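Below is one structure; the comments refer to it alone.
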Amino acid sequence: MPLTGTALVTGGAGFIGSHIAAALSAVGARVRVLDDLSTGHRENLDEIGGDIEFIQGSVADEDVLQNALDGVEVVFHEAAIPSVPRSVEAPRQTHIASVDGTFSLLLAARDNNVRRVVYAASSSAYGDQPTLPKAEQMLPDPLSPYAVAKLVGEYYCQVFTRVYGLETVSLRYFNVFGPRQDPSSQYSGVVSRFISSLLGDERPVIFGDGEQSRDFTYIDNVVAANLSAANAPGASGKVINVANGERITLNELLAELKDLTGKQDVTAEYREPRVGDVRHSLADNSMARELLGFESKVGLREGLKRTIDWWKSSRFNPRQH
Ligand code: UD1
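In the numbering used here, the protein residues as written are 8 to 328.
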C-alpha cells in the first residue's frame with residue numbers, strides 16, 4: 008500500500024488499533040499511535056514490536072491532536088470506549104470519547120491537510136432492523152448510547168467529506184474478535200469472555216436465552232478492509248459493512264468453543280438479557296466486495312482456533328493469574 012506520509016492510528020494500543028498498527032508497520036508505513044490508555048494497553052504495542060511512535064493522550068484534546076496529526080497522510084480512527092452495556096451504565100463517557108472525540112479529530116484532520124480518515128463505525132447502528140442481512144441503505148435504528156455515538160461519528164465523517172472535501176470512509180465492523188481482545192472486564196466482547204471462562208474452568212455467562220445471533224468477524228479481515236479503505240477510489244464518503252457474512256447464535260458459538268478447547272463438560276449460566284442488546288446481526292458484504300475488493304479470508308472456526316492458540320501462549324492466560 009503506497010503511503011508516503013505518516014499513518015496515525017487513534018486507539019492504537021487497543022485490540023483493533025494494535026492490529027492495524029502492526030499491519031501498517033509490516034508494509035513499511037511510518038506509524039504513530041495516539042491512545043489515552045483508558046481501555047488500551049501499552050503491552051499491545053510491545054507485543055507487535057516494530058518502530059511505532061506512541062503519543063499518550065485523548066482524541067478529544069485539541070492540543071494533543073495538533074501534535075499527533077503533524078505530517079499525517081491517513082488516520083485510522085479506532086479510539087472509542089467500546090461496549091453496549093458500558094454505554095448504558097456510563098453514557099457520558101461513551102459520548103465524549105466517540106462523539107466529541109470523532110468531531111475533534113475530523114476538525115483537526117481537515118486543518119492539517121490529512122488525505123483520508125478511515126473511521127471505525129459499528130454494526131450496532133442497525134439495531135433490530137427485522138430484515139437480514141443488514142445492508143448499508145437500510146435506515147439506522149440505534150438501541151443504545153453506544154450505537155448512537157458511533158452513528159453520529161459516521162454522520163460527521165460524511166458531512167466533513169461533503170462540506171470540507173476531507174476524504175472519509177466509515178467501516179461498520181460486525182463483532183470483531185481475535186488475539187489481544189481484552190477479556191478482563193464485564194464489558195469485554197463475548198468471544199474473549201467465553202474463551203477466558205473455558206480455559207479457566209469457569210462457567211461462561213449467557214445473557215438471555217443464547218438464541219441471539221451475531222456475525223463474528225476475525226480481526227485479520229477487519230485489518231485488510233482498513234488497509235484497502237485507505238486508498239480505495241470511490242470509497243470516500245461511504246459507509247461500508249465489514250463482516251464475515253455468516254451468523255451464529257451464542258449457544259452455537261459456545262458449543263464450537265467447547266469443542267475447540269476440549270471443555271465439553273462446562274455448562275453456561277443463563278442470566279437476564281442485557282438492556283440495549285440487538286437480537287440478530289448479519290451483514291451484507293457486497294458493498295465491501297465492490298468498493299474495497301474485500302473478502303472474509305479467515306472464517307469463523309479458523310479465527311476461533313487462532314484466537315485460542317494465542318490465548319494459550321499469552322499474558323492473558325488465566326492459568327498465569
Ligand atoms: C456491539 C456491536 C459491535 C460493536 C460492539 C462494541 C451489535 C450487533 N454489535 O456488540 O458492532 O463492535 O458492540 O463493544 O450491536 N454476551 C453474553 N455473555 C457475555 C458477554 C456478552 O451472553 O459474557 C452476549 C451479549 O448480551 C450479546 C452478545 O453476547 O448478546 C454479544 O455481546 P458483545 O460481545 O458485548 O457484543 P455486542 O454488544 O453484540
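Don't be surprised by glycine CBs; every beta carbon is placed ideally from N, CA and C. These numbers were taken from a predicted model, which means no experiment stands behind them.
If I follow the unbroken beta strand (DSSP E) through residue i, where does it start and stop?
i: Leu76; result: First-last for Leu76: undefined, no H or E at that position.
i: Leu15; result: 13-17
i: Val212; result: 212-214
Please classify residue i: does DSSP put it in a helix, a strand, or coil?
i: Arg313; result: helix
i: His26; result: helix
i: Leu139; result: coil
i: Arg123; result: strand
i: Glu161; result: helix
i: Thr274; result: coil
i: Trp318; result: helix
i: Tyr194; result: coil
i: Pro325; result: Confidence at Pro325 is low in this model, with a pLDDT of 46, below 50, so the placement of that residue should be treated as unreliable; the coordinate-derived value is given next. Correct three-state label for Pro325: helix.
i: Leu113; result: helix
i: Arg179; result: strand
i: Glu174; result: strand
Check whether the Cβ of residue i lies closer than 7 Å to any heavy atom of the ligand UD1, and answer yes or no.
i: Arg210; result: no
i: Val197; result: yes
i: Asn182; result: yes
i: Arg221; result: yes
i: Leu205; result: no
i: Tyr126; result: no
i: Ile62; result: no
i: Arg200; result: yes
i: Arg281; result: yes
Where do the N-terminal and C-terminal ends of the alpha helix (DSSP H) with residue i fall, by residue?
i: Leu267; result: 257-268
i: Leu52; result: 49-55
i: Val91; result: 91-96
Below 8 Å between beta carbons: does that hold for residue i and residue j?
i: Val198; j: Thr274; result: no
i: Leu113; j: Leu173; result: yes
i: Asn228; j: Met294; result: no
i: Met145; j: Tyr133; result: yes
Can you check DSSP and say which residues form a bridge with residue i?
i: Thr101; result: Partner(s): none; Thr101 has no beta bridge.
i: Gln63; result: Asp42
i: Phe184; result: Tyr225
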